[in-house]
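Report on the following structure.
2 protein chains.
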Amino acid sequence: MAKKKEKPVILITNDDDITSKGIRSLVEAVSDLGTVVVVAPDTPQSGMGHAITIGSPLRMRKVTLFGEIDAWQTSGTPVDCVKLAVDKILHRKPDICLSGINHGANHSINVIYSGTMSAAMEAAIEGIPSIGFSLLDYSDDADFTAAKQVVNKMVSKMLQGNLEKHFLLNVNIPKGSPEEIKGIRVCKQAYAKYEEDFTERLDPHGKKYYWLTGEFKNFDKGKDTDVWALENNYVSVVPVQFDLTNYELKAQLEKTKFFQ
Amino acid sequence: MAKKKEKPVILITNDDDITSKGIRSLVEAVSDLGTVVVVAPDTPQSGMGHAITIGSPLRMRKVTLFGEIDAWQTSGTPVDCVKLAVDKILHRKPDICLSGINHGANHSINVIYSGTMSAAMEAAIEGIPSIGFSLLDYSDDADFTAAKQVVNKMVSKMLQGNLEKHFLLNVNIPKGSPEEIKGIRVCKQAYAKYEEDFTERLDPHGKKYYWLTGEFKNFDKGKDTDVWALENNYVSVVPVQFDLTNYELKAQLEKTKFFQ
Numbered sequence: 004m005a006k007k008k009e010k011p012v013i014l015i016t017n018d019d020d021i022t023s024k025g026i027r028s029l030v031e032a033v034s035d036l037g038t039v040v041v042v043a044p045d046t047p048q049s050g051m052g053h054a055i056t057i058g059s060p061l062r063m064r065k066v067t068l069f070g071e072i073d074a075w076q077t078s079g080t081p082v083d084c085v086k087l088a089v090d091k092i093l094h095r096k097p098d099i100c101l102s103g104i105n106h107g108a109n110h111s112i113n114v115i116y117s118g119t120m121s122a123a124m125e126a127a128i129e130g131i132p133s134i135g136f137s138l139l140d141y142s143d144d145a146d147f148t149a150a151k152q153v154v155n156k157m158v159s160k161m162l163q164g165n166l167e168k169h170f171l172l173n174v175n176i177p178k179g180s181p182e183e184i185k186g187i188r189v190c191k192q193a194y195a196k197y198e199e200d201f202t203e204r205l206d207p208h209g210k211k212y213y214w215l216t217g218e219f220k221n222f223d224k225g226k227d228t229d230v231w232a233l234e235n236n237y238v239s240v241v242p243v244q245f246d247l248t249n250y251e252l253k254a255q256l257e258k259t260k261f262f263q
Numbered sequence: 004m005a006k007k008k009e010k011p012v013i014l015i016t017n018d019d020d021i022t023s024k025g026i027r028s029l030v031e032a033v034s035d036l037g038t039v040v041v042v043a044p045d046t047p048q049s050g051m052g053h054a055i056t057i058g059s060p061l062r063m064r065k066v067t068l069f070g071e072i073d074a075w076q077t078s079g080t081p082v083d084c085v086k087l088a089v090d091k092i093l094h095r096k097p098d099i100c101l102s103g104i105n106h107g108a109n110h111s112i113n114v115i116y117s118g119t120m121s122a123a124m125e126a127a128i129e130g131i132p133s134i135g136f137s138l139l140d141y142s143d144d145a146d147f148t149a150a151k152q153v154v155n156k157m158v159s160k161m162l163q164g165n166l167e168k169h170f171l172l173n174v175n176i177p178k179g180s181p182e183e184i185k186g187i188r189v190c191k192q193a194y195a196k197y198e199e200d201f202t203e204r205l206d207p208h209g210k211k212y213y214w215l216t217g218e219f220k221n222f223d224k225g226k227d228t229d230v231w232a233l234e235n236n237y238v239s240v241v242p243v244q245f246d247l248t249n250y251e252l253k254a255q256l257e258k259t260k261f262f263q
C-alpha cells in the first residue's frame, strides 16, 4: 500500500450506530491517513455477533453527519454494512477496514458476540486487512482521547506494513488518560466470560419477562491474555482468525476413529 | 457419562424455529437416548450468528408441541435459548446440547454466520459437549430420514465417549437417501464463501431497497475439507474451537515488534 500514490481508502463501520461518539472518534483519528468512507448501522447493533440480514430487505441512505466525508447509514447489521459498502458503495474493496471505536470492552470470549469484531472479521474474510477497536468505557460520552492516539499510531503502522491477506486484529484500549497507558501488548484471547443470570420481572399484565445480565469471570490466569494486559493498563492486541477448525480435536477423532 | 445411572439430559435447540421439521426430526432421532428438553426460538433466526439479546427483554413460554417432551419457545436468538435453558429451565448444565437439524448447509465459512452453530458453540463455551447438525436441503419439507440415522449414530457414540470439556462439532449431512451416504469424514473448515451481490429494487414509493444474494465459491481445493466431503456424499464433521486467536500472526507481530 505504501507504494501507491493515491490515498488509501479506509472503510469505517461500527455496531453502536452511526451517531455514536465512538465512530466519530475513529473517523477523526484516521482522517489524515486516507480517504475515509463511513457505512454504519442506523440503530444500535451491540451483541449482534456475525448476524446478517437474510429474511428482510435492507435500506441505505447517504447522510451528512461527517461533513466532507462520505457516509451512509443502513438498516442492517455491522456485517451487512461491510457487504453493502463493498458491493454497492465502493464497488471495490477498501484498502483497510476499521470498526468501532466500541463503547465498551470486546476482549476474551466477547470477540464472538461482538458486532464490532464481526464487521472487522467480515472484511478480513473478504481479504481486507481489518481492525476492530473497543474502549473499556460503556458511557455514551466516554473520553476517546487516549483511544484516538492509539488508533492513529496503529493504523499508520498498518498502512506502512506489507500485511497478510487476512490480517485481523481485536484491539481493546483501557480507560484513562494517554499517560496512563503503558504500551501495546500482543496477546491471546483469554478464556473469560460472563456467567449468566437472567433477571426475571413481571409485566403490567402479570406475565414474566427476562433481562440478560451476568457477572464477568476470568478463568484464565496467564499473563499473555488480553484480560491481563487490560487489567495492567496495556492496550491489548489479539490477532484473530476465522478458520474455526479445532485441529487438535480433529487429530484426536481421526486417531481414535471415533465415528467408525 | 456412561457410568451414570440416570438418563443423560439432552438440550435441543435450533435456529429455524421450534415449529420446523428439522428440530422435530432431531428430537425424534435422539428421544431414546436420554431425557430430551427443547428450548428454541419462536421465530426463524437463520443468519443470526452469535447474536444475543441485550437491549430488549426476552419472553419464554412452555409449549406442548412435542407431547411428553418438555419444550419452551422463546423470543430470543439461538444463543439466548441455550443461556435461558441453563439458567432458568434446567437450573443445571445438560449433559449434551444438540442444535438443528438445520434446513440448509452450514459448512465452510458459514459456521460463522450460522445460528445453529452459534447455539452449539454457546453450549461448548459453557462446558457442555455439543453438536450442530445441518442437512443440505433448504426446503421446509426436507426429507430427514438419512439425517436422523446419522444423528442417532453420532449422538450414541458421543454419549459413550469420555469427551473433552469443550467438545464441539459442526456436522453437515448430504441430501439423499441413507444408501447414498458413503460414510462420515472428519474435516477442516473449507475457505469457501458467498460472493455477495445485492439485488436492488424500488419500493412502491420509489425508494431503493436491497436483498442480500450471492454465489457460493470454493477457494479451497483440498480433499480434507467439509465442502469436498459433502460434494462426495460423505457426512462432514468439523471439530470447532472458540479460541479465535491467530497464533501464527501473533508470533509474527511479536517477532517483528510490529507495534513498537
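These protein sequence lines map, in sequence, to chains S and H.
Counting along the first sequence from 1, when you hit position 35 you're at 38 in the numbering used here, and nothing is skipped either side.
Counting along the second sequence from 1, when you hit position 210 you're at 213 in the numbering used here, and nothing is skipped either side.
Note that the Cβ used here is the ideal one computed from N, Cα and C, for glycine as well.
Between the CA atoms of residue j and residue i - distance to the nearest angstrom
| i | j | result |
| --- | --- | --- |
| residue 223 of chain H | residue 130 of chain S | 15 Å |
| residue 7 of chain H | residue 257 of chain S | Annotation note: pLDDT 49 at residue 7 of chain H (below 50); position unreliable, coordinate value reported separately. Approximately 27 Å, taken between the alpha carbons. |
| residue 236 of chain S | residue 163 of chain S | 26 Å |
| residue 137 of chain S | residue 125 of chain H | 22 Å |
| residue 206 of chain H | residue 212 of chain H | 7 Å |
| residue 77 of chain H | residue 60 of chain H | 11 Å |
| residue 39 of chain H | residue 64 of chain H | 17 Å |
| residue 183 of chain S | residue 251 of chain S | 40 Å |
| residue 43 of chain S | residue 20 of chain S | 6 Å |
| residue 144 of chain S | residue 86 of chain H | 31 Å |
| residue 13 of chain H | residue 154 of chain H | 13 Å |
| residue 49 of chain H | residue 117 of chain H | 7 Å |
| residue 157 of chain S | residue 178 of chain S | 17 Å |
| residue 122 of chain H | residue 17 of chain H | 7 Å |
| residue 47 of chain S | residue 133 of chain S | 21 Å |
| residue 92 of chain H | residue 167 of chain H | 25 Å |
| residue 208 of chain S | residue 45 of chain H | 21 Å |
| residue 204 of chain S | residue 62 of chain H | 10 Å |
| residue 22 of chain S | residue 75 of chain S | 11 Å |
Proximal residues to residue i (C-beta, below 6 Å), its chain only, five neighbours per side dropped
| i | result |
| --- | --- |
| residue 120 of chain S | 109, 114, 135 and 173 |
| residue 219 of chain S | 197 |
| residue 28 of chain S | 104, 147 and 151 |
| residue 243 of chain H | 171 and 173 |
| residue 2 of chain S | As shown, chain S starts at 4 and ends at 263. That puts residue 2 of chain S outside it, with no answer to give. |
| residue 67 of chain S | none |
| residue 214 of chain H | 202 |
Under 9 Å from the C-beta of residue i: neighbouring residues of chain S
| i | result |
| --- | --- |
| residue 75 of chain H | Under the 9 Å cutoff, chain S gives no residues; its nearest Cβ is about 12 Å from residue 75 of chain H. |
| residue 219 of chain H | In chain order: nothing, as chain S lies at least about 14 Å away. |
| residue 71 of chain H | Per Cβ cutoff of 9 Å: no residues; residue 71 of chain H is ~24 Å from chain S at best. |
Residue burial classification, residue i (beta-carbon count within 10 angstroms, cutoff 16)
| i | result |
| --- | --- |
| residue 186 of chain H | exposed |
| residue 188 of chain H | buried |
| residue 58 of chain S | exposed |
| residue 254 of chain H | exposed |
| residue 165 of chain H | exposed |
| residue 169 of chain S | buried |
| residue 181 of chain S | exposed |
| residue 248 of chain H | buried |
Within chain H, partners of residue i - CB distance below 7 Å
| i | result |
| --- | --- |
| residue 114 of chain S | 247 |
| residue 222 of chain S | Ordered by position in chain H, no residue passes the 7 Å Cβ test against residue 222 of chain S, which lies about 10 Å from the chain. |
| residue 183 of chain S | By Cβ distance, chain H contributes nothing, its closest Cβ being about 18 Å from residue 183 of chain S, past 7 Å. |
| residue 31 of chain S | Within chain H, no residue comes near residue 31 of chain S; the closest Cβ sits about 21 Å away, beyond 7 Å. |
Interface residues of chain S facing residue i [CB-CB closer than 8 Å]
| i | result |
| --- | --- |
| residue 164 of chain H | 261 |
| residue 215 of chain H | 55, 56, 57, 61, 83 and 86 |
| residue 234 of chain H | Ordered by position in chain S, no residue passes the 8 Å Cβ test against residue 234 of chain H, which lies about 18 Å from the chain. |
Contacts around residue i, its chain only, beta-carbon distance under 8 Å, and the 5 residues preceding and following it disregarded
| i | result |
| --- | --- |
| residue 225 of chain S | 191, 193 and 231 |
| residue 142 of chain S | 106 |
| residue 15 of chain H | 26, 29, 30, 33, 39, 40, 41, 42, 43, 100, 101 and 102 |
| residue 96 of chain H | 89, 129, 130 and 131 |
| residue 111 of chain S | 192, 193, 194, 195, 196, 221, 223, 228, 229 and 230 |
| residue 72 of chain S | 30, 34, 39, 40 and 41 |
| residue 140 of chain H | 106, 107, 146 and 178 |
Chain-ordered chain H contacts of residue i [CB-CB under 8 Å]
| i | result |
| --- | --- |
| residue 160 of chain S | 261 and 262 |
Interface partners of residue i on chain S, CB under 7 Å
| i | result |
| --- | --- |
| residue 212 of chain H | 60, 61 and 62 |
| residue 242 of chain H | 248, 249, 252, 253 and 256 |
| residue 9 of chain H | The contacting residues do not exist; residue 9 of chain H stays about 25 Å from chain S at best. |
Any C-beta of chain C under 9 Å from that of residue i
| i | result |
| --- | --- |
| residue 27 of chain H | No chain C is present in this structure, whose protein chains are S and H. |
Neighbourhood of residue i by C-beta, 7 Å cutoff - its chain only, sequence neighbours within 5 removed
| i | result |
| --- | --- |
| residue 240 of chain S | 172, 174, 187, 188, 189 and 190 |
| residue 55 of chain S | 80, 82 and 83 |
| residue 159 of chain H | 36 |
| residue 149 of chain S | 176, 179, 180, 181 and 184 |
Positions along the segment 187-199 of chain S whose CB lies within less than 7 Å of some CB in chain H: Residues 187, 189, 191, 192, 196 and 199.
Chain-ordered residues of the segment 82-116 of chain S with a beta carbon less than 9 Å from chain H: Taking 9 Å as the Cβ-Cβ cut-off against chain H, the residues of the segment 82-116 of chain S that qualify are 82, 83, 86, 87, 89, 90, 91, 112, 114, 115 and 116.
Contact set between the segment 124-150 of chain H and chain S, restricted to residues whose Cβ is under 9 Å from the partner: Listed by position along the chain: 124, 125, 128 and 129.
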